[in-house]
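To start, the structure under review is shown below, and the notes come after it.
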Amino acid sequence: MQDRNEYKQRVLISEKQIRESVQVMGQRIAADYGEEPLTIIGCLKGSFIFMADLVRAIPRSLHIDFIEVSSYGNDLSSSGNVRIVKDFKHPVQDSHVLIVEDIVDTGLTFDFLFEHIQLKKPASLEIAALLVRSTVDLQKRPVKYHGFTIGEEFVVGYGLDAAGLYRNLDHVAVFEQ
Ligand code: 5GP
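In the numbering used here, the protein residues as written are 3 to 179.
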């Protein structure tokens, strides 16, 4: 394994920037949903750290569940397929649902999750993503809450991996082989 310090030198988004952005996002979500029933569904594995920080930044009671999907292999490009590895369990009919994603890249996962969860008839369905690629058409794929817009670089850290590694970095770094 390569030394994680090597990646600290290629920081794209710092731990402090992430922390501030997540706090603002949490406050916005709390204000937007008021006292309405809210279920937050984290999309594994990449969202697990963002999810843990975000839910703690939302000062209200909420249900938390996870779905695991797979769309990437161990390479650095999308396979174009999204499939469910582990489905969420919490009944969401008539509850507001917020999906939490690490990054909206091609938007295939966004489309898949939207369609899959919409079938369960939630009161509303929105997406929060830490990162959105600048190429994403936000008219077509409205990501209601997002932290940062990034370019084409492949990133790791704060939940995001390269071949299973670097998820535990406290910042987002550009991955270079
Ligand atoms: P989609 O292309 O469906 O929008 O994104 C699918 C998934 O690909 C994301 O949830 C994320 O796990 C992964 N992904 C996309 N871009 C990157 C990236 O730059 N780095 C990492 N580690 N994963 C990415």
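A virtual CB, placed ideally from N, CA and C, is assigned to each residue, including glycine.
Check                                                                                                                                                                          : Outcome
Of the choices D163, F116, V106, D139, whose alpha-carbon is the least far from that of F150?                                                                                  : V106
Looking at the ligand 5GP, does it come within less than 7 Å of I15, judged from the CB to the closest heavy atom?                                                             : no
Pairs of beta-carbons, one from the stretch 82 to 99 and one from the stretch 41 to 58, closer than 8 Å: are there three or more?                                              : yes
Is I60 near the ligand 5GP, with its Cβ less than 7 Å from a heavy atom?                                                                                                       : no
Label I119 either buried or exposed according to how many other C-beta atoms from any shown protein chain fall within 10 Å of its C-beta, with 16 as the threshold for buried. : buried
Taking the C-alpha atoms as reference points, what is the distance between N76 and L167?                                                                                       : Confidence in N76 is poor, its pLDDT being 46 and thus under 50, which makes the residue's placement unreliable; the coordinate value appears in the next sentence. About 10 Å.
What is the DSSP secondary structure of S72, counted as helix, strand or coil?                                                                                                 : strand
Which runs of the alpha helix (DSSP H) fall wholly inside the stretch 85 to 143 and span at least 4 residues, in chain order?                                                  : 110 to 120
I'd like the list of long-range same chain contacts for H92, defined as Cβ closer than 6 Å, with 5 residues on each side in sequence excluded.                                 : T41, H65, D67
Give me, in chain order, the residues of the same chain whose beta-carbon lies closer than 6 Å to that of R169; leave out the 5 immediate sequence neighbours on both sides.   : G161, D163
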